[in-house]
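Undergrad: First the structure, then my questions, so here it is.
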Amino acid sequence: MDNIEVCKIIDPINASDGAGVKLKRSIGVEPNYFDPFLMLDEFGSENSEDYIAGFPPHPHRGIETVTYMLAGDFEHKDSTGGEGRMTAGDVQWMKTGSGIIHSEMPAMKEGKLHGFQLWVNMPAKLKMSKPEYIYIDADKMSVHKDDDKQVKVIAGKFENAEGPVKGHNVEPVYFDVELNKDKEFNFKLPSTHNTFIYL
3 MDNIEVCKII DPINASDGAG VKLKRSIGVE PNYFDPFLML DEFGSENSED YIAGFPPHPH
63 RGIETVTYML AGDFEHKDST GGEGRMTAGD VQWMKTGSGI IHSEMPAMKE GKLHGFQLWV
123 NMPAKLKMSK PEYIYIDADK MSVHKDDDKQ VKVIAGKFEN AEGPVKGHNV EPVYFDVELN
183 KDKEFNFKLP STHNTFIYL
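Count the sequence shown with my numbering and you get residues 3 to 201, in order.
Here it is in structure tokens:
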């Protein structure tokens with residue numbers, strides 16, 4: 003197996019977005035090393051003042067947003083009439099295409115809220131496509147487990163576990179990997195893909 007050279011190590015910065023939600027931003031801080039990845043935020047706090055104002059209605063166009071919840075509840079509403087509630091372990095993969103206005107608001111007044119949001123650029127030919135969503139419930143996620151690790155597969159394939167996100171213009175790979183102490187994770191990436199690891 004060929005090894006891939008690490009080209010950049012980035013320390014996240016403290017930031018805020020929406021109506022003042024506190025978060026850590028890594029991709030989106032430095033110049034564009036990660037095409038097609040545009041932004042990666044980790045939001046998380048046990049203090050409701052850090053997240054309670056949420057992300058009121060705001061527009062997106064020509065990108066895909068991937069929200070992965072680890073703890074807490076979020077409610078989503080949008081200009082197409084779509085709405086839904088995300089809980090721990092759920093994923094929402096949104097293709098904004100020609101444009102959409104949506105909101106993401108905490109469905110809780112206290113307790114821990116924790117998750118990630120990734121922005122991915124769409125090819126020019128798809129930037130005017132119809133917006134669409136993929137909602138993935140935690141209990142429908144494919145998981146590989148062995149003595150060394152657990153791999154939750156959101157998109158792509160690892161061993162016999164295959165993610166539910168399919169039919170994209172690219173072949174995205176998105177894993178949540180938990181390693182036991184002193185163990186390793188090996189995966190052969192397609193030569194066509196850029197990648198990053200968030201630790």
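Ideal Cβ placement from N, Cα and C applies to all residues, glycine included.
Mapping DSSP to helix, strand and coil, what is residue 132?
TA: Here residue 132 is taken as the residue at index 130 of the sequence shown, counted from 1. Correct three-state label for residue 132: coil.
Undergrad: Rounding to the nearest angstrom, what Cα-Cα distance links residue 93 and residue 87 in this structure?
TA: The residue labelled residue 93 in the question sits at position 91 within the sequence shown. The residue labelled residue 87 in the question sits at position 85 within the sequence shown. When rounded, the distance between both Cα atoms is 10 angstroms.
Undergrad: If I measure Cβ to Cβ from residue 64 and keep anything under 6 angstroms in the same chain, skipping five residues before and after, which residues do I get?
TA: By 1-based counting over the sequence shown, the position of residue 64 is 62. Answer for residue 64: 124, 129, listed in chain order.
Undergrad: Inspect the beta-carbon positions of residue 132 and residue 83 and report whether they are closer than 8 angstroms.
TA: Against the sequence shown, residue 132 aligns to sequence position 130. Against the sequence shown, residue 83 aligns to sequence position 81. For residue 132 and residue 83, no; Cβs fall outside 8 angstroms.
Undergrad: If you drop the 5 nearest sequence neighbours on each side, which residues of the same chain put their C-beta closer than 6 angstroms to that of residue 101?
TA: Along the sequence shown, read from residue 1 onward, the residue named residue 101 stands at position 99. Hits under 6 angstroms: 63.
Undergrad: What is the rounded straight-line gap between the Cα of residue 85 and the Cα of residue 147?
TA: Numbered from 1 along the sequence shown, position 83 holds the residue referred to as residue 85. Numbered from 1 along the sequence shown, position 145 holds the residue referred to as residue 147. For residue 85 and residue 147, the distance between alpha carbons rounds to 33 angstroms.
Undergrad: Could you tell me which uninterrupted beta strand (DSSP E) segments, each at least 3 residues in length, are contained entirely in the segment 91-140, listed from first to last along the chain?
TA: The segment 91-140 contains these whole beta strand (DSSP E) runs: 93-97, 102-108, 115-123, 134-138.
Undergrad: Cβ of residue 112 within 8 angstroms of Cβ of residue 50?
TA: By one-based count along the sequence shown, residue 112 stands at place 110. By one-based count along the sequence shown, residue 50 stands at place 48. Going by C-beta atoms, residue 112 is nearer than 8 angstroms to residue 50.
Undergrad: Return yes when the Cβ of residue 119 is within less than 8 angstroms of the Cβ of residue 43, no when it is not.
TA: By one-based count along the sequence shown, residue 43 stands at place 41. By one-based count along the sequence shown, residue 119 stands at place 117. Against a cut-off of 8 angstroms, the Cβ pair of residue 119 and residue 43 comes out as a contact.
Undergrad: Taking just the CA atoms, how far does residue 25 sit from residue 104?
TA: Along the sequence shown, read from residue 1 onward, the residue named residue 104 stands at position 102. Along the sequence shown, read from residue 1 onward, the residue named residue 25 stands at position 23. Roughly 19 angstroms between the two C-alpha positions.
Undergrad: Consult DSSP for residue 85 and reduce its assignment to one of helix, strand or coil.
TA: On the sequence shown, residue 85 is found 83 positions in, with the first residue counted as 1. Residue 85: strand per DSSP, three-state reduction.
Undergrad: Rank 160, 201, 150, 173 by C-alpha distance to the C-alpha of residue 194 and give the top, closest one.
TA: Sequence index remark: in the sequence shown, residue 194 carries index 192 (1-based). Minimum Cα distance to residue 194 is reached at 173.
Undergrad: Ordered along the chain, which non-local residues of its own chain (more than five positions away) have a Cβ less than 7 angstroms from that of residue 164?
TA: Here the question's residue 164 lines up with position 162 in the sequence shown. So the qualifying residues of the chain are 144, 155.
Undergrad: Give me the Cα-Cα distance between residue 17 and residue 27, rounded to the nearest whole angstrom.
TA: Numbered from 1 along the sequence shown, position 15 holds the residue referred to as residue 17. Numbered from 1 along the sequence shown, position 25 holds the residue referred to as residue 27. In a straight line, the C-alpha of residue 17 is about 6 angstroms away from that of residue 27.
Undergrad: For residue 196 and residue 58, what's the separation of their Cα atoms in angstroms?
TA: Sequence index remark: in the sequence shown, residue 196 carries index 194 (1-based). Sequence index remark: in the sequence shown, residue 58 carries index 56 (1-based). Distance between the alpha carbons of residue 196 and residue 58 is about 32 angstroms.
Undergrad: Comparing C-alpha positions only, which one of 74, 178, 168, 31 sits nearest to residue 1?
TA: With the chain running from 3 to 201 in the structure shown, residue 1 is simply not present.
Undergrad: Could you give the DSSP three-state label for residue 193: helix, strand or coil?
TA: In the sequence shown, the residue the question calls residue 193 occupies position 191. The answer is coil: DSSP assigns residue 193 none of H, G, I, E or B.
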